[in-house]
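Below is one structure, written out as structure tokens; the observations come after it.
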Amino acid sequence: GGGDVAVDAAQTALRLGAESVTIVSLENEDELPATPEAVESAIKEGIKFEYSWGPARILTQNGSVSGVQLQRCMAVFDGQNRFNPVFDRCELNDILAETVIICIGQSRDNTCLNDLEKSKNFNKNQINTDPLTLQTTEETIFVAGDFYSGPSSIVSSMASGREAAESVNRLLEGEHLKYGRNYRGPFEMEFDIDTTPGSDKNRATLQLRDYKGKGDFNEIEKGLSQEAARNEASRCYSCGEPFGKFQTCWFCLPCEVECPNEALRVEIPYLLR
58 GGGDVAVDAA QTALRLGAES VTIVSLENED ELPATPEAVE SAIKEGIKFE
108 YSWGPARILT QNGSVSGVQL QRCMAVFDGQ NRFNPVFDRC ELNDILAETV
158 IICIGQSRDN TCLNDLEKSK NFNKNQINTD PLTLQTTEET IFVAGDFYSG
208 PSSIVSSMAS GREAAESVNR LLEGEHLKYG RNYRGPFEME FDIDTTPGSD
258 KNRATLQLRD YKGKGDFNEI EKGLSQEAAR NEASRCYSCG EPFGKFQTCW
308 FCLPCEVECP NEALRVEIPY LLR
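Heads up: the sequence shown runs through residues 58 to 330, numbered per our numbering.
Okay, structure coming up:
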């Protein structure tokens, strides 16, 4: 795995006495789901990374794990940005291992769609969905969260859930599913964003202590003082504050252009942070 859980598991294995720990990820170095801080911490502790590889099979010897055969991962997501890894099975790499820890996250439970798949031409693994209404090829079935986007954030799942609920309500009321979607009244296309609350103050730095070696399970992050936490909170631009011009996203782009940290990416149908 290549997320924060994989890093946590690797660091725990190191602290439990493992001589060498390697994280194998489908993603390349620039696509890792793990935070840069977590990756930097792992590398600093001596953990190795193998990028753009996926497991082909577990190698065994005398009934015990002896290694993992890896296959080159060419792409993690498909053209619709859904999790659908593509492998080059001609490029293999065997690595030695005494223990293999699986940290690939959870997957959605498709069993609720079994009957539908049997009775109709419905592929529960590749659900065709309207990106605005979240309606599937079956008129009365709507999806959200992992069923729509694949692995994502809780915020994205909640947002898509609200959109699906809006569609269901419209369907039950006999209304058009797309007409006037997300309209909240007049809006502005040109406006200034005050970035001084953040730019005039330095970002609070989280203090870290050094890793002391095997058996060291104490917290690495020391946290922020109350004063530092308040100062950091005061730097917020309130990008998603739900009133006035920010009540909904009209893809007008000032927020993306003005954000000094390039933290916003405007995409239809949602504003992604």
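Beta carbons are placed, not taken as given, at the ideal position from N, Cα and C, and that holds for glycine. Note that this is a predicted model, so its numbers are computed, not measured.
Suppose you measure from the CA of Phe140 to the CA of Asp251; what does that come to, to the nearest Å? In the sequence shown, counting from the first residue as 1, residue 140 sits at position 83. In the sequence shown, counting from the first residue as 1, residue 251 sits at position 194. Distance from the CA atom of Phe140 to the CA atom of Asp251, rounded to whole angstroms, is 37 angstroms.
Euclidean distance between Cα positions of Glu223 and Gly237: As a working note, residue 223 is residue 166 in the sequence shown. As a working note, residue 237 is residue 180 in the sequence shown. One C-alpha to the other measures close to 12 angstroms.
I need the boundaries of the beta strand (DSSP E) containing Thr69, first residue and last residue. On the sequence shown, position 12 is the one that residue 69 refers to. In this chain, Thr69 is not harboured by any beta strand (DSSP E); it is covered by the alpha helix (DSSP H) spanning 61-72.
Classify Gly59: buried if its beta carbon has 16 or more other beta carbons within 10 angstroms, exposed otherwise. As a first step, residue 59 must be located in the sequence shown, where it is residue number 2. With 16 or more neighbouring CB atoms inside 10 Å of its own CB, Gly59 falls in the buried class.
Between the CA atoms of Ser282 and Pro299 - distance to the nearest angstrom: Your numbering for residue 299 matches position 242 in the sequence shown. Your numbering for residue 282 matches position 225 in the sequence shown. Any answer about Pro299 is weak, because its pLDDT of 45 lies below 50 and its placement is not dependable; what the coordinates show is given next. Cα-Cα distance, rounded: 29 angstroms.
Beta carbon of Ser217 nearer than 8 angstroms to that of Gly207: Against the sequence shown, residue 217 aligns to sequence position 160. Against the sequence shown, residue 207 aligns to sequence position 150. No, Cβ-Cβ distance for Ser217 and Gly207 is not below 8 angstroms.
Run of the alpha helix (DSSP H) containing Pro254, from where it starts to where it stops: Here the question's residue 254 lines up with position 197 in the sequence shown. 253-256 is the extent of the alpha helix (DSSP H) around Pro254.
What residue from Cys169, Arg146, Ser109, Asp257 has the CA that sits closest to Asp132's CA? Taking the first residue of the sequence shown as position 1, residue 132 is located at position 75. The displayed chain sequence assigns Ala, not Asp, to residue 132. Taking Ala132 as reference, the option from Cys169, Arg146, Ser109, Asp257 with the minimal CA-CA separation is Ser109.
Contact set for Gly255: own chain, Cβ-Cβ below 8 angstroms, skip 5 residues either direction: Along the sequence shown, read from residue 1 onward, the residue named residue 255 stands at position 198. Only Arg292, Cys293, Tyr294, Pro317 meet the Cβ criterion.
Val81 - partner residues in DSSP beta bridges: What you label residue 81 is simply residue 24 of the sequence shown in a count that begins at 1. In DSSP, Val81 forms a bridge with Glu107.
Rank Ile104, Ser82, Asp61, Val96 by C-alpha distance to the C-alpha of Gly74 and give the top, closest one. Numbered from its first residue, the sequence shown carries residue 74 at position 17. Of the candidates Ile104, Ser82, Asp61, Val96, the one whose C-alpha sits nearest the C-alpha of Gly74 is Ile104.
Can you pull the DSSP bridge partners for Glu278? Position 221 of the sequence shown, counted from the first residue, corresponds to residue 278. Its beta-bridge partners are Leu265.
Find the nearest neighbour of Phe106 within the set Ile80, Asn226, Ala67, judged by alpha-carbon distance. Position 49 of the sequence shown holds residue 106. Out of Ile80, Asn226, Ala67, Ile80 has the C-alpha closest to the C-alpha of Phe106.
Can you give me the Cβ contacts of Pro90 inside the same chain, cut-off strictly under 6 angstroms, excluding the 5 residues immediately before and after it? As a working note, residue 90 is residue 33 in the sequence shown. Cβ contact annotation for Pro90 (same chain, cutoff 6 angstroms, sequence separation greater than five): Gly59, Gly60, in chain order.
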